[in-house]
Structures are given as C-alpha cells and as structure tokens.
Amino acid sequence: MVRFASALLAISAFSFIATAQQQPQPMPVPMPPPIAAPVDKPYPGTIQLSADITDLTDRVEKVHEEVPVEPGAKEIVLLYPRWLPGEHSPGGPISALAGIVTSVDGKRVQWVRDPVNMYAFHVPLSDGAKTVGLDFDYLSPIKGSAGRIEISDVMADLEWNEVVMYPAGYFSRDISLDATLKLPAGWKYATALETASNAGDTVRFERTTLNTLVDSPLYAGLYYSRIDLSPTPTDTVHLNIFADKPEDLKMTPEQLQAHKDLAAEADKLYGSHHYKHYDFLLLLSDEVGGIGLEHHQSSEDGLGRDYLTDWTNGLMDRDLLGHEYTHSWNGKFRRPADLWTPNYDVPMRDSLLWVYEGMTQYWGNVLTARAGMRGVEQTRDILANTAANYAISHGRDWRPLVDTTNQPIVSQRRPVSWVSYQRPEDYYEEGMLIWLDADTKIRELTGGQKSLDDFCKKFFGVYNGSFITDQYALEDVIKDLNEVAPYDWRGFLQERVYDLHPEVPTNGFTQGGYKLVYTDKPQEWGDKELAKHGLTDFATSLGFSVGSWGSKGESKTIGNVVWGSLAFKAGVTPGMEIVSVSGTEYSAKVLRDAILAAETNKQPLQLQFKKEDRYINLSIPYYDGLRYPSLERVEGTPDRLDDILAPSKSPLPPM
C-alpha cells in the first residue's frame, strides 16, 4: 500500500512538472511608440492661452488653450511640463489637474493619456483639422499637506508651467504663445513679461515663447509696492512686493538703501547683465507659502510678512534675494550643458549643481554682506555653523559631494529621516565652502591682486546683454580659473567634489585669516532667530535639534538626530518628544543650563522622551558644553575673509 501511494505521488509530481514545462513563461508587452523627440524648428502657428485666477474660494485656476494643428497630422500629443527649471527634478504637479477636455475645430474629442508618460495626452485629429481646443483646471492647494499654498484672499503666485500644455516634438523656444490672464477685481500684478494691454481686470501679454513664459512667473495681489533699485540707467532693476497687509509694505530709508546696494554690488561683481530689466518678485505672507526660485529676468521669492517690520530679527533669511538674483547670471544665462533641456519632457542631468547652486550660495551670502543687509559677524557665524554641521556628518564617509547633485531626482526633494547620514543636497552649503576656499586661494596666489570676483567677470560677463542661455562644462570652469590664477584647479576640484572627502573644506577659513572654534558663548542673534522659527539646535553638542523650521512657538518634537552622536547611540530618533530634563519640564533654557552644569559636575544628563504612547528615560554622558561654533581671528595672518565680505571697491560698470 505504501509502495502504491509512493508511485501515485511520483506520477503526480511528474505530471505537474510536465504541465509546468508546457506552460509558457511571461513575456514583456511591447512598449508603445515613444513620444516625438523635440526638434529645433518653428511650431506652425501661435498658441492662444488664457488663465483665470479669480476663484479665490476654491483656488481653481481655469485654463483654456487654442492650439494650431500641424497640417496633415493624424494626432497631436500635448505635454504638461514635467522637468522644471530651477527645481532640478521631474516635479510638474500633474496630480493637480482635473476637468481636462479637448476638442478639434469645436467638436469634442476624447484625449487618451499615454500609457508610459503620464504627462502626455494624445488627441486624435480628423482630416483637415486646424485647431485643438483644450480646457482644464489647475487645483491649487488649499491645505499645506497637498502642497505649497499659492493663493490667498489677497495674493497669488502664478507659475505658468502649472497652467499650460504644449505640443510634443518641438523645442520650447520654437513655440510661440499669446497669453491672457484674468485677475480678481482690483488686484495689481508684476512679472518680467511685457504687457500688451489691460482691459479691466484682464491682462494681455505680448507674444512670447514657451521657454520665456515658463521662466516668467507672475505675482498678483491687493497690497503692492514697486520700488526702483536700478544701479545705473542701463541696468533696470525693480523690487515688487506683495503683502498680507498694507502696513507690511512700509520700508525705512535704511532698508531701501540696503536693497539698492544689493543691486549695485551685483552690478560691480559681474560687470554685465543678461536681461532687458530685472524684477525681484517678493511675497511677504504668513498665508501663501515661502519660496525661493530663480528665473532669468525675475525672482520668485516668498518670506514671512514681518520681513520689513521685524528687520533686526530676519538676518538668517536675508540672503534669499541675493541668491536668486545671482542665478540670473549663474544658472539662467550660463547653465551647465547637461542641465539645459530643449523642452520640459527631456530629463535634466544635475552633475554641476555644485557650481550652479554652490557658487550661487556663496555669492548670495557675500553680496548680502557687501550690501549691508546682514552684518559681517553674522555672515561669519553662518559660515562657522555650516562647517560645524558638516564636521559631524557621517554621510561624508560614504557619499562624495558630486553624488548629492543627484538628490533632487532621487528624492524629488521629499524630506529624509537622517540628514547627517544621507547628506541630501550638500552641494549648496558645502559648495559655498569650496568656493570660499577657491576665492581665498586666488587671493593668496596673486598677493591680493585677483579674486573670484575676476573669475565672475570673465565667466559670466561673456555676451553682455544677451538673453540666450550659454552652456558650460567643467572644462570651461577650470579654464577660466586658470586664466585668473594658474594653479592645479582640476586637482583642487577633483579632491573636494569628486573624491570621497570626509574632511570638511575649511581652508577658506584658514586662508581667510580665521579658524573654526567651539565655545559656550551663544550666538544670541542666531538662537533668537531659530526660536522665532520654532527651532532649537543642539546638533554640535548632544546631537539633535528640537522643532522644525516654520513651527509656531517652542516645540518639543525632535527634528534631526545626528547619525553616530551620543543622542543617536542612546536611542533618540526623529519625531520623539522631549519631556523633561532631570525631572524638570523641558525648555530650551532648561536643557542649555543642564548641559553647562554637566560640563562641571560630570554627571550624565537625565532626559525623558515620549515616543508614541511610551515614556523613555535616557542617560546621556555628555560633558563638553554647548559647543557653539564661531570663527576666531588668527592674528598675524591676512584678513582675506573680511575683505571678501566688505563692500566692493570696484566702480559700477559704464553705462
């Protein structure tokens, strides 16, 4: 009986195997034809685009387009912008579209979304078709969890890439549009676009190209001020401010002069400009979300409503305008060759963001200091804090700086859990330190006769007055550095950018006449500003921060935890709530006092945390004080750093 059962099992197994061998293996389904690659030829006809942003209740931006059809075409593919300049990633808000309706010569025709490219919409065409009509709604976020708030009852930030589709197969510079905008009653507006006419609350703009339209955001609102900052008659610069309340627009003579000096210092630095006119667009709001985004002939900036009314306590954000203004030269006029794309469906490559953003971060801070918008001492503190935070970053042990330029694509700028270990976008701040290193090295090599200012005039001053993007590669950067001051710049950049480089690049401090030190002396201005934004930082001591940027009031929630720090080893993780310090309810002052006491009594800190519904008591043996970073002057060495931050002695360029 047993032998019979075994035989049956063997027969069944054989039958199963035979059946399995007869069953076909899965095979891939052929991919659909690719979307037409962009070609550099004029699109036949001009797109008529109208946008309506008058719905302030539901914040629906209504869009209508009339798109001429290429003669003889059997279908048209309309693309929604995906790869957005300045964001360095495929972040087009396609999920915010609704109500998409297409028609051909007035007759409704159903579109079909591409099965691979979710940003592409196929519209079939009948013989002799002349025009495709397109209607859709862009649903601007109503709550912060859905995205940045762009519209309030009194102002709006209109990004044209959110309210336009365009035909595939063409360079964006070869597609022309006539754009019309309907505004809420009584609102004013500002943009780099040229106005053709106004009729009531409807604005018609002069014909432009798609790449210029997308690069020209528009701010609109009830409370508006326009201020002339032009450093020379031939360099026209204006500051356009939109605010929550009319009183938020009031500017003192000192503030006005500082903003004028910012434009003048940039003019002295670059000795050129690549715009017909430049418009700072600045939102001052606690309702519409903050932003800092570069454009060729304007900025797209947003800060809190107290930017002007609480001027003494806004130093930390003060470099925003200088940073985005610098991008008109670095990033918009001169752009890394692999970052420029012919339309918004071609992937960007971000390999030179350490130049595009890193050098811009450097000059944004330097220009801010030169203009007197932030003090030299505060700028040195910011540099010290940057280096100190990188000194405790274990991400440097595995990830070279150049790889962080991929982070916008890797994460699409979503938050990460372990900033110090993942080092998400260090090309900004560490890039700043590298370019300080380069600047002080040039000054050292040339005995103070040349500087990075000379590189900027050479590198960004080509084709003065041209608006056409000029591409560059690493070789171009090295070539111009060598022409300013011969040196092994290839080896310099290879070591700091492309090689694994655990050491923080602090040569800019030592060559600049300073050294990085740590003391118990607080940076009072810095602590005050962090507290204003709901943040307290113990990163260089215990290894964590409390709160997150933008939270209201004093927070008790752990923000970042430094990988490998004492807090990390004790079990502190982001998202915990700190409850008490040695039995006393937590406050920033209580913890600071306890850290100072432990420095003397050598008793471990007794901290209680809450994680979900559990209370956790941790003992942390830390005795090294608050460790506030700062830069200390090294006597007997050239003070190059303060020379860099001082107002430029160069004259304004000739008119």
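Numbering-wise, the sequence shown is residues 10 to 664 according to my numbering.
Glycine residues also receive a C-beta, built at the ideal position from the N, C-alpha and C atoms.
Determine, using beta carbons only, whether leucine 65 and proline 226 come nearer to each other than 8 angstroms.
Here the question's residue 65 lines up with position 56 in the sequence shown. Here the question's residue 226 lines up with position 217 in the sequence shown. With respect to proline 226, leucine 65 sits apart: the two C-beta atoms are not nearer than 8 angstroms.
For the beta strand (DSSP E) containing glutamine 480, name the first residue and the last one.
Locating residue 480 in the sequence shown gives position 471, where the first residue counts as 1. Unbroken beta strand (DSSP E) run through glutamine 480: 479-481.
Below 8 angstroms, how does it come out for the region 341-356 and the region 315-332: are there three or more Cβ pairs, yes or no?
These segments do not touch.
Sort Tyr52, Ala205, Leu148 and Gly456 by Cα distance to phenylalanine 214 and report the nearest one.
As a first step, residue 214 must be located in the sequence shown, where it is residue number 205. Among Tyr52, Ala205, Leu148 and Gly456, the Cα nearest to that of phenylalanine 214 is on Ala205.
Which of the three DSSP states, helix, strand or coil, is assigned to leucine 654?
Position 645 of the sequence shown, counted from the start, is the residue given in the question as residue 654. Assigned with DSSP and collapsed to three states, leucine 654 falls in helix.
Isoleucine 567 in three-state terms, based on DSSP:
In the sequence shown, residue 567 corresponds to position 558, counting from 1. Strand, per DSSP.
Helix, strand or coil for lysine 341? Go by DSSP, reduced to three states.
Taking the first residue of the sequence shown as 1, we reach residue 341 at position 332. It is coil, neither helix nor strand.
Can you give me the C-alpha to C-alpha distance between asparagine 473 and proline 80, rounded to a whole angstrom?
Indexing the sequence shown from 1 puts residue 473 at position 464. Indexing the sequence shown from 1 puts residue 80 at position 71. Rounded to the nearest angstrom, the gap between the Cα atoms of asparagine 473 and proline 80 is 40 angstroms.
Cutoff 7 angstroms; reference phenylalanine 618; Cβ partners in own chain excluding five residues on either side:
Counting from one through the sequence shown, the residue named residue 618 turns up at place 609. Correct list, in chain order: Val581, Met585, Glu586, Ile587, Val588, Ile625 and Leu627.
Do serine 360 and threonine 414 have their CB atoms nearer than 8 angstroms?
Within the sequence shown, numbered from 1, the residue matching residue 360 stands at position 351. Within the sequence shown, numbered from 1, the residue matching residue 414 stands at position 405. At the C-beta level, serine 360 and threonine 414 come within 8 angstroms of one another.
What beta strand (DSSP E) runs, 3 residues minimum, are completely inside the region 500-565?
Listed in chain order, they are 523-528, 544-547 and 553-556.
For aspartate 622, count neighbouring Cβ atoms within 10 angstroms of its own Cβ and tell me buried if that reaches 16, exposed if not.
Counting from 1 along the sequence shown, the entry for residue 622 is found at position 613. By the 16-neighbour rule on beta-carbons within 10 angstroms, aspartate 622 is exposed.
How about aspartate 354 and proline 511: are their beta carbons less than 8 angstroms apart?
Position 345 of the sequence shown holds residue 354. Position 502 of the sequence shown holds residue 511. In this structure, aspartate 354 sits away from proline 511, with a CB-CB distance that is not shorter than 8 angstroms.
Cβ of alanine 396 within 8 angstroms of Cβ of leucine 442?
Walking along the sequence shown from the start, residue 396 turns up at place 387. Walking along the sequence shown from the start, residue 442 turns up at place 433. Result yes, Cβ atoms of alanine 396 and leucine 442 sit closer than 8 angstroms.
If you measure between the beta carbons of tryptophan 363 and valine 506, is that distance less than 8 angstroms?
Counting from 1 along the sequence shown, the entry for residue 363 is found at position 354. Counting from 1 along the sequence shown, the entry for residue 506 is found at position 497. A contact, by the Cβ cut-off of 8 angstroms.
Would you check if the region 437-451 and the region 600-609 touch, i.e. whether three or more CB-CB distances between them fall below 8 angstroms?
No, the region 600-609 does not touch the region 437-451.
If contact is defined by three or more beta carbon pairs under 8 angstroms, each pair taking one atom from either stretch, is the region 363-379 in contact with the region 433-440?
Segments in contact, yes.
Kindly indicate which residue of Glu171, Tyr430, Met357 and Pro35 has the alpha-carbon position closest to the one of arginine 408.
Start at 1 with the first residue of the sequence shown, and residue 408 comes out as number 399. Minimum Cα distance to arginine 408 is reached at Tyr430.
Should leucine 605 be labelled buried (16 or more other beta-carbon atoms within 10 Å of its own) or exposed?
Stepping through the sequence shown from its first residue, residue 605 is reached at position 596. By the C-beta density criterion, leucine 605 is exposed, having fewer than 16 other C-beta atoms within 10 angstroms.
Return the chain-ordered list of same chain residues with a C-beta closer than 8 angstroms to the C-beta of glutamate 274, the five sequence neighbours on each side being excluded.
Translated into positions along the sequence shown, residue 274 becomes position 265. Counting only residues of its own chain and dropping the five nearest sequence neighbours on each side, glutamate 274 has a CB closer than 8 angstroms to the CB of Leu376, Arg379, Ala380, Pro656 and Ser657.
Cutoff 7 angstroms; reference leucine 238; Cβ partners in own chain excluding five residues on either side:
Counting from 1 along the sequence shown, the entry for residue 238 is found at position 229. Cβ neighbours of leucine 238 beyond the five flanking positions: Val246, His247, Leu248, His268, Lys269 and Ala272.
In DSSP terms, what alanine 252 is bridged to
One-based indexing of the sequence shown puts residue 252 at position 243. In DSSP, alanine 252 forms a bridge with Leu293.
Quick one: what does DSSP say threonine 63 is sitting in, helix, strand or coil?
Along the sequence shown, one-based indexing puts residue 63 at 54. Correct three-state label for threonine 63: coil.
Closest to aspartate 479 by CA distance: which of Trp372, Asp347 and Thr566 is it?
As a working note, residue 479 is residue 470 in the sequence shown. Out of Trp372, Asp347 and Thr566, Asp347 has the C-alpha closest to the C-alpha of aspartate 479.
Strictly under 8 angstroms for the Cβ-Cβ distance: is phenylalanine 547 near chain C by that measure?
Reference to chain C is not applicable here, since this structure consists of a single protein chain.
Quick one: using the 10 Å Cβ neighbour count with 16 as the cut-off for buried, is asparagine 153 buried or exposed?
One-based indexing of the sequence shown puts residue 153 at position 144. This sequence places glycine at residue 153; asparagine is not what is there. So glycine 153 counts as exposed.
Please report the residue range of the alpha helix (DSSP H) in which aspartate 237 lies.
Taking the sequence shown and counting its residues from 1, the one referred to as residue 237 is at position 228. From DSSP, aspartate 237 is part of no alpha helix (DSSP H) but of the beta strand (DSSP E) over 233-237.
Closest to leucine 88 by C-alpha separation, out of Leu291, Gln32 and Ala177, would be which residue?
Position 79 of the sequence shown, counted from the start, is the residue given in the question as residue 88. Of the residues Leu291, Gln32 and Ala177, the one whose Cα lies closest to the Cα of leucine 88 is Ala177.
Length of the line joining the Cα atoms of alanine 579 and lysine 530:
On the sequence shown, residue 579 is found 570 positions in, with the first residue counted as 1. On the sequence shown, residue 530 is found 521 positions in, with the first residue counted as 1. Between alanine 579 and lysine 530, the C-alpha separation is close to 26 angstroms.
Run through the DSSP bridge pairs and tell me what glutamate 75 is partnered with.
Residue numbering aside, residue 75 sits at position 66 when the sequence shown is read from its first letter. Glutamate 75 is bridged by DSSP to Gln57 and Gly142.
Classification of threonine 261 by the beta-carbon crowding that lies within 10 angstroms, buried from 16 upward
In the sequence shown, counting from the first residue as 1, residue 261 sits at position 252. Residue environment: threonine 261 is assigned as exposed (fewer than 16 neighbouring CB atoms within 10 Å of its CB, all protein chains considered).
CB contact flag (phenylalanine 1, valine 570, <8 angstroms)
Only positions 10 to 664 of the chain appear in this structure, which leaves residue 1 out of reach.
If we require 4 or more residues per run, which alpha helix (DSSP H) segments fall completely within the region 117-186?
Listed in chain order, nothing qualifies, since the region 117-186 has no complete alpha helix (DSSP H) run of 4 or more residues.
Going straight from the alpha carbon of aspartate 648 to that of cysteine 465, what length do you get?
Here residue 648 corresponds to residue number 639 of the sequence shown, with the count starting at 1. Here residue 465 corresponds to residue number 456 of the sequence shown, with the count starting at 1. A straight line joining the alpha-carbon of aspartate 648 with that of cysteine 465 spans about 22 angstroms.
Collapsed DSSP secondary structure at alanine 208 in the structure displayed:
As a position in the sequence shown, residue 208 is number 199, starting the count at 1. In this structure, alanine 208 counts as strand in the three-state DSSP scheme.
For glutamine 431, the first and last residue of its enclosing alpha helix (DSSP H)
The residue given as residue 431 occupies position 422 in the sequence shown. Counting along the chain, the alpha helix (DSSP H) containing glutamine 431 begins and ends at 428-431.
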